[in-house]
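Colleague: Let me begin by handing over the structure; questions about it come next.
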DNA sequence: CCTCCACCGGAACGTGAGGAGT
DNA sequence: ACTCCTCACGTTCCGGTGGAGG
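In the numbering used here, the protein residues as written are 307 to 648.
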């Protein structure tokens, strides 16, 4: 969205004869200060390597490339909160807000986009004050608005009569229920359309939308599972094999034990429990696992971990991996012992 | 009310890969 | 060839903690 406005703005500026350059960076995707800055450099035509140069050096190059051109630069930092979160190192934002003091012919405008309304609390006060901030809050789309957007697009993409009103309403309602994300609603409609087409039916029904929703989620999960590093795959395998016996979720200790067994079975050096703990948290965020801190009082405090992805998807995707695949049917020793003792 | 379990999760630090500049 | 950068991924160390049981 911000991207779209940015290109429109550039066009408009062109028409009016006041050149304007735009740079769009998604901070969460970029990941670090360095890479955000590197993208900004590229946007103004300075070639930089993806690693290897000091941040200060990048800043110099950025500054130089800017003062060579004489059109102002509009910088859009999407998901800017990702940049601010890891405290202490908001040098980049600080420098950006002060960069105009050293430029003569051009200047920089900064737009930060964030879904988190409170991210400003984490900002360095110096940054906050020099950002003569103007705040615009967009609320998420409501179902009705999504419906309007959808039916507008649908006119172009679907033949008349192939799309029921109720179908559109459902797409809009489902997407509004999540985060009011228009892209999500459009995806839903597109996939539902594809499903109906594959079935050879003439109209997209509500049922297709529900199927589409499932399919989108399944595809996402499979994709994530596939691209996981070995240790994470082993962890998922461990949780999976434990979930068969322990219906109400295993705890960190159990999982780490099984994970260790799997590692020696695969001939891999196991990671520390601390490391495993953060991997589990990451898998939680990705929606593969479900980890919740629980306390058993006297008997300690730990995380209860269970599968969030379907067992079917896990077996399907992980058997593609020839190292992890053959461990899927492995029955952990500690489970056998437990069966005897109970 | 205090203890103490079984971990949690922050912080600092180490290592090796990928690359620039000289 | 050598020094200097960043980043990803791990390890080590350690203070913190909810609540059952004494």
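Cβ coordinates follow ideal geometry from the N, Cα and C atoms, glycine included.
In chain order, what residues of the same chain lie with their CB nearer than 7 Å to the CB of residue 326, ignoring the 5 residues before and after it?
Modeller: Sequence-distant partners of residue 326 (beyond 5 residues in either direction) whose C-beta falls short of 7 Å from its own C-beta, in its chain, are 315, 316, 319, 377, 378, 380.
Colleague: Indicate whether residue 610 and residue 601 have their beta-carbon atoms separated by less than 8 Å.
Modeller: no
Colleague: Can you tell me where the beta strand (DSSP E) with residue 417 in it begins and where it stops?
Modeller: 414-418
Colleague: Determine whether the beta carbon atoms of residue 398 and residue 339 lie at a separation below 8 Å.
Modeller: yes
Colleague: Out of 324, 365, 334, which one is the CA nearest neighbour of residue 344?
Modeller: The option with the nearest alpha carbon to residue 344 is 365.
Colleague: Exposed or buried, what is residue 415 when buried is set at 16 or more other beta-carbons lying within 10 Å of its beta-carbon?
Modeller: exposed
Colleague: Which runs of the alpha helix (DSSP H) spanning at least 4 residues fall entirely within the segment 466-517, listed in chain order?
Modeller: 471-484, 488-505
Colleague: Mapping DSSP to helix, strand and coil, what is residue 598?
Modeller: strand
Colleague: Taking the alpha helix (DSSP H) that residue 561 falls in, what are its first and last residues?
Modeller: 558-572
Colleague: So is residue 440 buried or exposed if we call it buried at 16+ other beta carbons inside 10 Å?
Modeller: exposed
Colleague: Within a Cβ cutoff of 7 Å, which residues of the same chain sit near residue 332, ignoring the five residues on either side of it in sequence?
Modeller: 384, 385
Colleague: Pairing CB atoms from the segment 552-559 with CB atoms from the segment 480-498, are three or more of them under 8 Å?
Modeller: Contact annotation: the segment 552-559 does not touch the segment 480-498, with fewer than three C-beta pairs closer than 8 Å.
Colleague: Return yes when the Cβ of residue 594 is within less than 8 Å of the Cβ of residue 542, no when it is not.
Modeller: yes
Colleague: Kindly indicate which three-state DSSP category residue 382 falls into: helix, strand or coil?
Modeller: strand
Colleague: Go through its chain and collect everything with a Cβ distance to residue 328's Cβ below 6 Å, but skip five positions before and after it.
Modeller: When the five nearest sequence neighbours on each side are left out, the beta carbons in the same chain lying within less than 6 Å of the beta carbon of residue 328 are those of 312, 316, 380, in order along the chain.
Colleague: For residue 362, report the span of its alpha helix (DSSP H) as first-last.
Modeller: 361-374
Colleague: Just checking, does the segment 500-513 make contact with the segment 534-550 on the three C-beta pairs under 8 Å criterion?
Modeller: no
Colleague: Taking contact to mean 3 or more Cβ pairs, one atom from each stretch, closer than 8 Å, check whether the segment 561-572 and the segment 517-524 are in contact.
Modeller: no
Colleague: Cutting at 8 Å between CB atoms, please list the residues of its own chain near residue 409, excluding the five before and the five after it.
Modeller: 369, 372, 373
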